[in-house]
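K.L.:
Numbering (the numbering used here), first residue to last: 30 to 301.
#1: Straight-line CA distance for residue 192 to residue 151?
#2: Taking the straight line between their C-alpha atoms, what separation do you get for residue 170 and residue 207?
#3: In the DSSP assignment, find the alpha helix (DSSP H) that holds residue 222 and state where it starts and stops.
#4: How many Å lie between residue 212 and residue 74 at the Cα?
#5: Beta-carbon within less than 8 Å of residue 153's beta-carbon, same chain only, minus the 5 sequence neighbours each way: which residues are those?
#6: If I measure Cβ to Cβ from residue 86 and keep anything under 8 Å in the same chain, skipping five residues before and after, which residues do I get?
#7: Quick check on this structure: which residue in 251, 217 and 256 has the alpha carbon closest to the alpha carbon of residue 35?
#8: Considering only C-alpha positions, which residue in the set 92, 109 and 111 is nearest to residue 5?
#9: Near residue 57, what residues of its chain come up, given a Cβ to Cβ distance below 7 Å and the 5 sequence neighbours on each side ignored?
#10: Hey, quick one: how far does the alpha helix (DSSP H) through residue 133 stretch, first residue to last?
#11: Report all residues from its chain with a CB closer than 8 Å to the CB of residue 106; omit the five preceding and five following residues, and keep chain order.
#12: Three Cβ pairs or more, each shorter than 8 Å: is that satisfied between the segment 194-203 and the segment 65-73?
#13: So which of 137, 180, 82 and 285 has the shortest CA-CA distance to residue 97?
#14: Count the C-beta pairs between the segment 246-263 and the segment 176-183 that are closer than 8 Å, then say yes if the count reaches three, no if not.
Structure follows, in structure tokens:
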């Protein structure tokens, strides 16, 4: 299989996942459809990340990023509804879930979702054009270098930002980016299972802490949620402890992988 065939096959997999999740949103069949749709979008984004230096291949990447931004708050609201339901607050959960479902359906009929669909259809032809004209020169090597660079940046972030809760959201984005890159190109990269496990552990811990931070913020502003504020604040302390443990494990894994510990440089902003 050529590199172009591999990329097209992987992208079609994500397109199928996206379309299936979109159909479930339209049919209101389950509560995981939005989550699965965003996973498909992130999978496509990770696959496209090493190809951003080809201008003709960036339109799908931009459309995917736009739809991810537009559905981020919806997913946060959905997770809050699930938490309220778990705690027996069914009325509040149903009220929020209904609003999320209605907004999701409108979003999937909107301009941005239509653009994502159109770019999914266009991208394979554009990739083959780029491959025929310039070739996907040394793509595997470039992706390997990209993974190593992102892992180094992640290590720097763990050292420089790991102790500050205000920086944890950006740190979570770095972890997600390198993890999804490793998973998207698992056939080409040599990331160890231990590394992938620690990336997932840290991402999960940071995600739980972020959810609790959002819920506490919502409870401070919404009188209907204030009875849960103390419970969430206590859980947030536990979640922050879990984050620090997970980050320590991940940093040790990265240091063991490179066989060294050294000084770190200033970090550049996360893009994408």
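The C-beta atom is built at its ideal place from N, Cα and C for all residues, glycine as well.
P.N.:
Reading from the atomic positions:
#1: 44 Å
#2: 16 Å
#3: 222-250
#4: 12 Å
#5: 37, 40 and 41
#6: 77, 80, 152, 155, 156 and 159
#7: 217
#8: Residue 5 is absent from the structure shown; the chain starts at 30 and stops at 301.
#9: 130
#10: 119-137
#11: 125, 128 and 129
#12: no
#13: 137
#14: no
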